[in-house]
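Engineer: One structure coming up, written as structure tokens, with questions to follow.
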Amino acid sequence: MLYELSHRTSYAYASPVDLAWHSLHLKARSLPFQKIHSAEIVSAPRAAELRETFDHFGNALTFLLLKETHDHFIVEVRSRIDVAYPSIGDPASSLPWEEVRDLLWNDGFPSFVEAHEFVHRSPLIAGHPELLEYARPSFAAGRPIMEAAIDLTHRIKRDFAYDPDATDISTPLLQVLKLRRGVCQDFAHVQIGCLRSLGLAGRYISGYLRTRPRPGQEALRGADASHAWVSVWCGAQAGWIDVDPTNDLVVSDQHVLVAWGRDFSDVSPVRGVILGGGHHTFGVAVDLKPVDANS
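Take this note's numbering: the final residue in the sequence shown is number 382, and no numbers are missing along the way.
Structure below.
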């Protein structure tokens, strides 16, 4: 599926900003199933300096330096992206989850170092017995890991209400678990916390959902904004599979992957340091649409 993407973030400041330095996770990753035809970042005011590099996880990272005094800041990424997620195969044929756990830990000397990095607690996902308790019904002894992960995805969609007013970035994970309310970021953190409580690897995915559903299909939750989902390591042969607990889906070509990390704090789309500004408001507008409008 070929998409055109626009993600526009705007800030309005109560007082002038004299100097600003922003870091951006906005350009999508180039992957075997995701080809980036074009990607550009534009801003107002225009950046005095723009540097592009990669972060620890291999995500595209852009730095903007603004030297012009301003009371508004707008940054937009415009991309053209082709997505063709591979099939995950038969979930029942995947390895038992305990076998995957043992591969990850290997008596304290992990063979799969890249995946092992995602089994530990992170800034926004601490270990809690309550997460293990919630995860257990999906992970019966000997159950294939893909089946278990998909079942956990289903249960989060069933048990948690989508409520943008219930939480914010500072809401602790345990509170989300008790409230059973939140947004895609919260649900991804809950699922990753459950996986890690079992000794499994879960990584946080930041990206986008197709803005307009196919004819006859229900609109997905999380479209028209940055979206978040979960990647689960299922063994050396199966690798990572992506699931979306907000919408109870195995991720498909309706999703565009931008970045991954341990949790949201690793891949925040826009963050920065400013001199001045005072109180501010901001808005986000996302449009991910097929190039062929009839698709």
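The beta-carbon is built from N, C-alpha and C at its ideal position, and this holds for glycine as well.
Using CA coordinates, which residue listed in P132, P183, V373 is at the minimum distance from H314?
Structural biologist: Minimum Cα distance to H314 is reached at V373.
Engineer: Does DSSP classify Y172 as helix, strand or coil?
Structural biologist: coil
Engineer: Where do the ends of the beta strand (DSSP E) carrying W96 lie?
Structural biologist: For the record, residue 96 in the displayed sequence is Thr; it is not Trp. According to the DSSP assignment, T96 belongs to the beta strand (DSSP E) that extends over 89-111.
Engineer: Give me the DSSP bridge partner(s) of Y291.
Structural biologist: V317, G348
Engineer: Could you tell me the distance, in whole angstroms, from the CA atom of F140 to the CA atom of A147?
Structural biologist: Position check: residue 140 holds Thr in this sequence, whereas Phe was assumed. Approximately 6 Å, taken between the alpha carbons.
Engineer: Looking at C-alpha atoms only, which residue of I168, T156, A325, Y100 is the closest neighbour of M88?
Structural biologist: If we check each option's Cα against that of M88, I168 comes out closest.
Engineer: Apart from the five residues just before and just after S209, which ones in its own chain have a Cβ nearer than 6 Å to its Cβ?
Structural biologist: R349, D350
Engineer: In angstroms with no decimal places, state the Cα-to-Cα distance between T368 and V104.
Structural biologist: Cα to Cα, T368 sits roughly 14 Å from V104.
Engineer: Three-state secondary structure (DSSP) at V77?
Structural biologist: Because the chain is modelled from 88 through 382, residue 77 falls outside the range shown and cannot be assessed.
Engineer: What does the alpha-carbon distance come out to for the pair I123 and S257?
Structural biologist: 33 Å
Engineer: Under 7 Å between the Cβ atoms of L421 and A222?
Structural biologist: For residue 421 there is no data in the structure shown, the boundaries of the chain being 88 and 382.
Engineer: What is the residue span of the alpha helix (DSSP H) that A222 lies within?
Structural biologist: Element bounds for A222: 216-222.
Engineer: Bridge partners for A372 per DSSP, in chain order?
Structural biologist: R95
Engineer: Would you list the residues sitting across from T402 in a DSSP beta bridge?
Structural biologist: Nothing about residue 402 can be read from this structure; the chain reaches only from 88 to 382.
Engineer: Keeping to the same chain, check which residues put their C-beta closer than 8 Å to that of W192; ignore five residues upstream and five downstream.
Structural biologist: H203, V206, G286
Engineer: With distance defined between alpha-carbon atoms, name the residue in F150, G145, F144 nearest to L137.
Structural biologist: F150
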